[in-house]
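A.B. asks: Chains as they are written, first to last, in my numbering: chain A, 27 to 118; chain B, 19 to 493. All C-beta atoms in this analysis are idealised placements derived from N, C-alpha and C, irrespective of residue type, glycine included.
Here it is as structure tokens:
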């Protein structure tokens, strides 16, 4: 059984953490393109990158050392500081 | 609960007296008397037919067993009487079997029931005792750390909190006689009704022991008193936060500190009681820094600021001064900034020491301001003895400080009163008070060595339009 905690607050927030609101536009945002080092992820992200640049959007490229482990803290901090939104290439 | 008629015995193998009475229980069963035996630890013990596994301890809990063996006589589904331990004559008359326990010693005391062992008792009460809670129950996702979960949800002041689980809440609520749904008032800034249950949950998170609950509750009552103006104190850009001073016998009972490092870290009661109040404002009231809490700087005491007064001095205690009967416990709340030290290792007479402390108080808020914030002066033991040796009371010392802080108006550039601010004080003649009447509060505390005192100024907005100190009796 999962551990149960009692809510210490006024319970105004939802019990489940809500996802961030969906973006209406990418205009003016910095988009991170994260390659998790799965095969051909780079091909997918190269194409996404080209299409975004065609539309005049600002992109930054990042790469995890291996898809088998969570991203290193430095990489997460770098992405969080530099980007407004991230596209991740997940599958082969 | 309908009980099986006849005899009920509750035993555990771990108890030598229970082992001793095993043949006795067999002889009761052989006599044809109905017998049910609940066994707490080993389902194969004792060797009787009417044995029931009670390793979950539910029957032991419902029968309120404190000692094993316990023998209960049941008629018409209800308990008639019970005996505990082994006393041969008692068992003989209780069962009507005169030859019972032949060859056994006449007396052996019983052992503690497993159902009343620490941690087990509250789990049973939660499981079977109808322990009801109102707070929303949140499941920590699998593989997530519970303390990290509390951080993630924004429940922390920046330090780890104790995860508020049901057993911890159960134990915390045992620290007060008030019912869990009793509402103490509305917590700013969101004006949310504050139940004792929410107080207890936040006290758990702060690290309080259950016996601190009466102090936490009194501190919350004082903070919610309109005179304290907690909403404004929270929202102000000024440094201040609430400071709790505890008086009376509870200080000693819960092990508070009024000696060395009294305003610092290291004492659980001091640190966690103040923290509980701040967590309540954050979590229940919604008062988060950089949102409703607009303080420019804050100060480290906004994590927790709570200490006890040294009542071993000749001075009247703060509690008594503020109307609490001698021998009773109380909390007094002040608005408080950080601490400014006063060093004077030369003064051996009270007048000279008053001049030193007054000189330092002159700089509170700004050296050119009159009608400044209220200020608490914590007088250390070595400074205190200068007053005590000269026979000065607290009232005398306080009056002398006010008098020493009548400042020539021409020396002051700024006033804080609206009426004065239109005209520079420097254009006026005569003396103006640095502090309003009643605006200086002397308190005794601190370590034995050091000819020091400590000044703790409060919020700029004092009095009816801002904050006043509030004292509540701890019940």
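1. Pull up the CB-CB distance for residue 115 of chain A and residue 71 of chain A, whole angstroms please, since I reckon it's below 8 Å.
2. Just checking my contact of residue 252 of chain B with residue 175 of chain B at CB under 8 Å: how many whole Å lie between their CB atoms?
3. Give the secondary structure of residue 104 of chain B by DSSP, where H, G and I count as helix, E and B as strand, and everything else as coil.
4. Would DSSP call residue 290 of chain B helix, strand or coil?
5. If you draw a straight line from the alpha carbon of residue 450 of chain B to that of residue 390 of chain B, how long is it in whole angstroms?
6. Is the stretch 77-90 of chain B in contact with the stretch 126-138 of chain B, if contact means three or more CB pairs nearer than 8 Å?
7. Excluding the 5 residues flanking residue 90 of chain A on each side, which residues of the same chain have their C-beta closer than 6 Å to its C-beta?
8. So which residues on chain B does residue 29 of chain A lean against when the C-beta distance must stay under 8 Å?
9. Tell whether a beta-carbon distance below 8 Å holds between residue 122 of chain B and residue 106 of chain B.
10. One question on the structure: do residue 223 of chain B and residue 297 of chain B come within less than 8 Å of each other, judged by their Cβ atoms?
11. Would you identify the three-state DSSP class for residue 480 of chain B, choosing helix, strand or coil?
12. Which residues of chain B have a Cβ atom closer than 7 Å to the Cβ of residue 36 of chain A, listed in chain order?
13. Output the distance between the C-alpha atoms of residue 53 of chain A and residue 87 of chain A, rounded to the nearest integer angstrom.
14. Rounded to whole angstroms, how far is the Cβ of residue 489 of chain B from the Cβ of residue 340 of chain B, which I believe are closer than 8 Å?
15. Secondary structure at residue 318 of chain B, three-state DSSP: helix, strand or coil?
16. Apart from the five residues just before and just after residue 74 of chain A, which ones in its own chain have a Cβ nearer than 7 Å to its Cβ?
17. Counting only the same chain and skipping the five closest in sequence on each side, list residues whose C-beta sits under 7 Å from that of residue 59 of chain B.
18. Give the interface partners of residue 216 of chain B over in chain A, defined as CB-CB distance under 7 Å, in chain order.
19. In or out: residue 285 of chain B buried (at least 16 other Cβ within 10 Å) or exposed?
20. So the candidates are B:453, B:158 and B:466; which of them puts its Cα closest to the Cα of residue 394 of chain B?
21. Is the stretch 267-284 of chain B in contact with the stretch 325-335 of chain B, if contact means three or more CB pairs nearer than 8 Å?
22. Can you tell me which residues form a DSSP beta bridge with residue 61 of chain A?
23. Quick check on residue 96 of chain A - is its C-beta less than 8 Å from some C-beta in chain B?
24. Tell me which residues share the same chain as residue 5 of chain A and place their Cβ nearer than 8 Å to its Cβ, disregarding the 5 neighbours each side in the sequence.
25. Please classify residue 125 of chain B as buried or exposed, where buried requires at least 16 other C-beta atoms within 10 Å of its C-beta.
26. Rank B:466, B:425 and B:462 by C-alpha distance to the C-alpha of residue 447 of chain B and give the top, closest one.
27. Please state the DSSP three-state secondary structure of residue 22 of chain B.
28. Based on the DSSP output, what are the partners of residue 84 of chain A in its beta bridges?
29. Tell me, please, which residues DSSP counts as bridged to residue 99 of chain B.
30. List, in order along the chain, the chain A residues whose C-beta lies closer than 8 Å to that of residue 153 of chain B?
31. Please confirm if residue 41 of chain A has its CB atom under 8 Å from at least one CB of chain B.
32. Does any residue of chain C bring its CB to less than 8 Å from the CB of residue 223 of chain B?
33. State the Cα-Cα distance for the pair residue 85 of chain B and residue 129 of chain B, rounded to the nearest angstrom.
34. Please classify residue 195 of chain B as buried or exposed, where buried requires at least 16 other C-beta atoms within 10 Å of its C-beta.
35. If you run the structure through DSSP and keep just helix, strand and coil, what is residue 473 of chain B?
36. With a cut-off of 8 Å, does the C-beta of residue 187 of chain B fall near any C-beta of chain A?
C.D. replies: Quick answer:
1. 5 Å between Cβ atoms; contact.
2. With a Cβ gap of about 13 Å, residue 252 of chain B and residue 175 of chain B do not count as contacting.
3. DSSP, read as helix, strand or coil, puts residue 104 of chain B in strand.
4. Residue 290 of chain B falls in the helix class under three-state DSSP.
5. Cα to Cα, residue 450 of chain B sits roughly 11 Å from residue 390 of chain B.
6. Taking one beta carbon from each stretch, the stretch 77-90 of chain B and the stretch 126-138 of chain B have 3 or more pairs nearer than 8 Å; the two touch.
7. Once the five neighbours on either side are set aside, the close Cβ partners of residue 90 of chain A are 62, 63 and 97.
8. By Cβ distance, chain B contributes 157, 158, 164, 181 and 183.
9. A contact, by the Cβ cut-off of 8 Å.
10. The answer is yes: Cβ separation under 8 Å.
11. Three-state DSSP puts residue 480 of chain B in a strand.
12. Against residue 36 of chain A, the close residues of chain B are 208, 210, 302 and 304, in the order they occur along the chain (beta-carbon pairs closer than 7 Å).
13. C-alpha separation (whole angstroms): 18 Å.
14. Indeed, because the Cβ distance is near 4 Å, the residues count as touching under 8 Å.
15. Residue 318 of chain B: helix per DSSP, three-state reduction.
16. Same-chain partners within the cutoff: 59 and 113.
17. Counting only residues of its own chain and dropping the five nearest sequence neighbours on each side, residue 59 of chain B has a CB closer than 7 Å to the CB of 30, 31, 32, 73 and 132.
18. For a Cβ distance threshold of 7 Å, residue set 34 of chain A lies close to residue 216 of chain B, ordered along the chain.
19. Its Cβ being crowded by 16 or more others within 10 Å, residue 285 of chain B is buried.
20. For residue 394 of chain B, the closest alpha carbon among the candidates B:453, B:158 and B:466 is that of B:453.
21. Between the stretch 267-284 of chain B and the stretch 325-335 of chain B there are three or more C-beta pairs closer than 8 Å, enough to call the two in contact.
22. For residue 61 of chain A, the pairing in a beta bridge is given by DSSP as A:89 and A:115.
23. With 8 Å as the cut-off, residue 96 of chain A does not count as an interface residue toward chain B.
24. An answer regarding residue 5 of chain A cannot be provided, because it is not within the stretch 27 to 118 covered by chain A.
25. Per the 10 Å Cβ criterion, exposed.
26. Closest by alpha carbon: B:425.
27. Residue 22 of chain B falls in the coil class under three-state DSSP.
28. Residue 84 of chain A is bridged by DSSP to A:56.
29. Its beta-bridge partners are B:91.
30. In chain order: 32, 33, 34 and 37.
31. With 8 Å as the cut-off, residue 41 of chain A counts as an interface residue toward chain B.
32. Structure shown: chain C not included; protein chains present are A and B.
33. Approximately 5 Å, taken between the alpha carbons.
34. Exposed, because fewer than 16 other Cβ atoms sit within 10 Å of the Cβ of residue 195 of chain B.
35. When secondary structure is reduced to three states using DSSP, residue 473 of chain B falls in the strand class.
36. It does: the Cβ of residue 187 of chain B has a partner Cβ on chain A nearer than 8 Å.
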